[in-house]
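Notes follow once the structure below has been shown.
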Amino acid sequence: ETGVTQTPRHLVMGMTNKKSLKCEQHLGHNAMYWYKQSAKKPLELMFVYNFKEQTENNSVPSRFSPECPNSSHLFLHLHTLQPEDSALYLCASSLTGTGGGGYTFGSGTRLTIV
Amino acid sequence: QKEVEQDPGPLSVPEGAIVSLNCTYSNSAFQYFMWYRQYSRKGPELLMYTYSSGNKEDGRFTAQVDKSSKYISLFIRDSQPSDSATYLCAVLKAAGNKLTFGGGTRVLVKP
């Protein structure tokens, strides 16, 4: 399998549940990202990992907890979320320090909080 | 002021027309410029990536950057219904790997 794979594709959870989103990349990239995409809003950067070390937390509430065990895998652990957290969560990867070359995105996890 | 401004559209054109999209950005520190295409229920995919001012062409797509005006454009020639999607511009500073996105323009190409 190639590219960036995200699971699950869809997730419905209650506000008191705990769940995790998974992202895996097979591109040999060393930077990974979580973005949130809400309706009618630009993509919002949440977290950046370079060589599995967190280098950016964009003031994300603590109910979102990222984990990066290695350069190929990224998780987003969710607990006690709010209805406004319903959105498309996108994972991306890139080569660090290249000035771009662009990100490769996964297809996202559509999260609905009920 | 948003760092990257993009008209949300929707932009509706007939098949075969030229689609013209643009973004403005506020910070001259942005040195890399990208266009992504996002189909419904999919993640964004990289279409064009440019560094310097000027034009870059790839098939039916042309990206244009004017750093003096902080203005970037994407043109799609001979548009097809399969080009119907949301197009996102993105900018990047030279010393970082953190992309900043515009809000996206929804494009509809009618047969």
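In order, the protein sequence lines correspond to chains A and B.
Our numbering puts the first residue of the first sequence at 1, with every later residue one more than the last.
Our numbering puts the first residue of the second sequence at 1001, with every later residue one more than the last.
Backbone N, C-alpha and C define an ideal beta-carbon position, used for all residues, glycine too.
*asked:* For chain B, check one thing: does any of its Cβ atoms lie closer than 8 Å to the Cβ of Val48/A?
replied: Sequence index remark: in the first sequence, residue 48/A carries index 48 (1-based). Output row for Val48/A: interface = yes.
_Strictly under 8 Å for the Cβ-Cβ distance: is Pro8/A near chain B by that measure?_
In the first sequence, the residue the question calls residue 8/A occupies position 8. Not closer than 8 Å to any Cβ of chain B, the Cβ of Pro8/A fails to qualify, so no.
_Residues from the region 1038 to 1054 of chain B in contact with chain A, defined by Cβ distance under 8 Å_ = Only those residues of the region 1038 to 1054 of chain B whose C-beta falls short of 8 Å from the nearest C-beta of chain A are listed: Arg1041, Lys1042, Gly1043, Pro1044, Glu1045, Leu1046, Tyr1049 and Tyr1051.
_Distance, Thr80/A Cα to Phe47/A Cα_ = Sequence index remark: in the first sequence, residue 47/A carries index 47 (1-based). Sequence index remark: in the first sequence, residue 80/A carries index 80 (1-based). The alpha-carbon atoms of Phe47/A and Thr80/A are separated by roughly 19 Å.
*Note down the Cα distance separating Arg13/A from Lys1070/B, rounded to an integer number of angstroms.*
Taking the first sequence and counting its residues from 1, one reaches residue 13/A at position 13. Taking the second sequence and counting its residues from 1, one reaches residue 1070/B at position 70. The amino acid at residue 13/A is misidentified as Arg; the sequence shows Met. One C-alpha to the other measures close to 42 Å.
*Which of the residues in the region 16 to 35 of chain A, read from start to end, lie with their CB under 7 Å from any CB of chain B?*
Answer set for the region 16 to 35 of chain A: Ala31.
*Since Ala1017/B contacts Ser1079/B with CB under 8 Å, what's their CB separation in whole angstroms?*
Taking the first residue of the second sequence as position 1, residue 1017/B is located at position 17. Taking the first residue of the second sequence as position 1, residue 1079/B is located at position 79. Correct: roughly 5 Å between the Cβ atoms.
*Write down the C-beta distance between Asn1097/B and Ala31/A rounded to the nearest angstrom, noting that I regard them as a contact closer than 8 Å.*
Counted from its first residue, the second sequence places residue 1097/B at position 97. Counted from its first residue, the first sequence places residue 31/A at position 31. Distance from Asn1097/B to Ala31/A at the Cβ level is roughly 5 Å; contact confirmed, criterion being Cβ atoms closer than 8 Å.
*Under a three-way DSSP split, which group does Ser1082/B fall into?*
Counting from one through the second sequence, the residue named residue 1082/B turns up at place 82. Looking at Ser1082/B - three-state DSSP - the assignment turns out to be helix.
_Just to check my reading of the structure: Leu76/A and Tyr89/A have Cβ atoms closer than 8 Å, yes? What is that Cβ distance to the nearest angstrom?_
Taking the first sequence and counting its residues from 1, one reaches residue 76/A at position 76. Taking the first sequence and counting its residues from 1, one reaches residue 89/A at position 89. Between Leu76/A and Tyr89/A the beta-carbon gap is near 6 Å, inside 8 Å, which marks them as a contact.
*Check the DSSP bridge columns for His79/A and list the partner residues they point to.*
As a first step, residue 79/A is located in the first sequence; it is residue number 79 there, counting from the start. His79/A pairs with Lys18/A.
*Interface residues of chain A facing Asn1022/B [CB-CB closer than 7 Å]*: The sequence position of residue 1022/B within the second sequence is 22, counting from 1. Near Asn1022/B there are no residues of chain A at all, since even the closest Cβ is about 16 Å away, more than 7 Å.
*Can you name, in chain order, every residue of its own chain whose Cβ lies under 8 Å from the Cβ of Gln37/A, other than the five neighbours on each side?*
Position 37 of the first sequence, counting from 1, holds the residue named residue 37/A. Closer than 8 Å at Cβ, skipping near neighbours: Leu43, Glu44, Ala87, Leu88, Tyr89, Leu90 and Gly108.
_Beta-carbon proximity of Asn50/A to Thr96/A, cut-off 8 Å_ = Here residue 50/A refers to the residue found at position 50 when the first sequence is read from its first residue. Here residue 96/A refers to the residue found at position 96 when the first sequence is read from its first residue. In contact: Asn50/A and Thr96/A (Cβ atoms closer than 8 Å).
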